[in-house]
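Read through the structure below, which is laid out as structure tokens, and then see the notes.
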Amino acid sequence: MVNTQSLTASLFSQLQSGPALQQVSQQLGMDSGQASQAISAALPLLMGGLANNASQPQGAQSLLNALQRDHLGSGGGGFDLGGLLGSVLGGGAATPSTNGAGILGHVFGGQTPQAASLLGQKTGLDSGRSGQLLMILAPIVMSFLAKQFAQQGNANQLSQALGEENRQTGGGGIGDLLGGVLDQDGDGKFGVSDVLGLLGGKR
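Residue numbers (my numbering): 386 to 588.
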């Protein structure tokens, strides 16, 4: 049974309700059951990538800065899933808050295709649709985290919460990708320089 306090479970329940699931399923050309299964696999993968980015203090602060700068939205209101999903799917010019491909580049480095492939293996989607789903969900995850943590401005709290989330969900298989995806400097382990390489380019 999913922990009801889990960030992933909370966000997943919001994506399951109202028109959000229907919009995503239509965008991907699949039925709502398939879309629901794919979302349930994609969210832990994204949270796991972010948790690894935030596992070092510099990475957590860089992530918090990005959340505060690009993902809080206007007016400081609640998490506006409908509005954000409309912007992401609307096909307009991407902003830092809706640029899914750009966000994935910072979460997974240059290895976004491998992350999409992993999601495809878990869900049966082809790599094109699994990659598209990750691009749709990345801005939603960032906005959701911004509403939870950015207003308090506590990088340590953000790091701890994502770390606990990663332990609860198993990171969506992100551990299988650590060697290639998150080792940005090629030294065989994930460290501070890798975090800065992942997040340093976000403006």
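By construction, the Cβ of each residue, glycine as well, lies at the ideal position given by its N, Cα and C atoms.
As the structure is a computational prediction, the values presented were derived from the model and not from experiment.
Query	Result
C-alpha gap between Ala420 and Ala523, whole angstroms	15 angstroms
Thr480 classed as buried or exposed, judged by whether at least 16 other C-beta atoms fall within 10 angstroms	exposed
Ala439 (DSSP reduced to helix, strand or coil)	coil
Alpha helix (DSSP H) runs wholly inside the region 485 to 534, at least 4 long, in chain order	485 to 493, 497 to 508 and 512 to 530
Where Ser544 falls, given that 16 or more other Cβ within 10 Å makes a residue buried	buried
Extent of the continuous alpha helix (DSSP H) to which Gly558 belongs	Counting along the chain, Gly558 falls outside any alpha helix (DSSP H), and DSSP gives it neither H nor E.
Proximity below 9 angstroms, CB of Arg514 to CB of Met415	yes
Exposed unless 16 or more other CB atoms sit within 10 angstroms - verdict on Asp511	exposed
Residue range of the unbroken alpha helix (DSSP H) whose run includes Thr393	Leu392 to Gln401
Inter-stretch contact at 8 angstroms, needing at least 3 Cβ pairs: the region 526 to 546 / the region 391 to 410	yes
Cβ neighbour criterion (16 or more within 10 Å) applied to Gly418	exposed
Nearest-angstrom Cα separation, counted from Leu449 out to Ala436	12 angstroms
Distance, Gly558 Cα to Leu503 Cα	8 angstroms
Three-way DSSP call (helix, strand, coil) for Asp416 in this model	coil
Length of the line joining the Cα atoms of Lys507 and Ala427	9 angstroms
Reduced DSSP category for Pro481 - H, G, I as helix; E, B as strand; rest coil	coil
Distance CB(Gly433)-CB(Thr554) smaller than 9 angstroms	yes
For Glu550, the nearest candidate out of Leu466, Asn539, Leu530 and Gln537 (CA to CA)	Leu530
Sequence-distant residues of the same chain with beta carbon closer than 7 angstroms to Ala501, five excluded per side	Ser512, Ser515, Gly516 and Leu519
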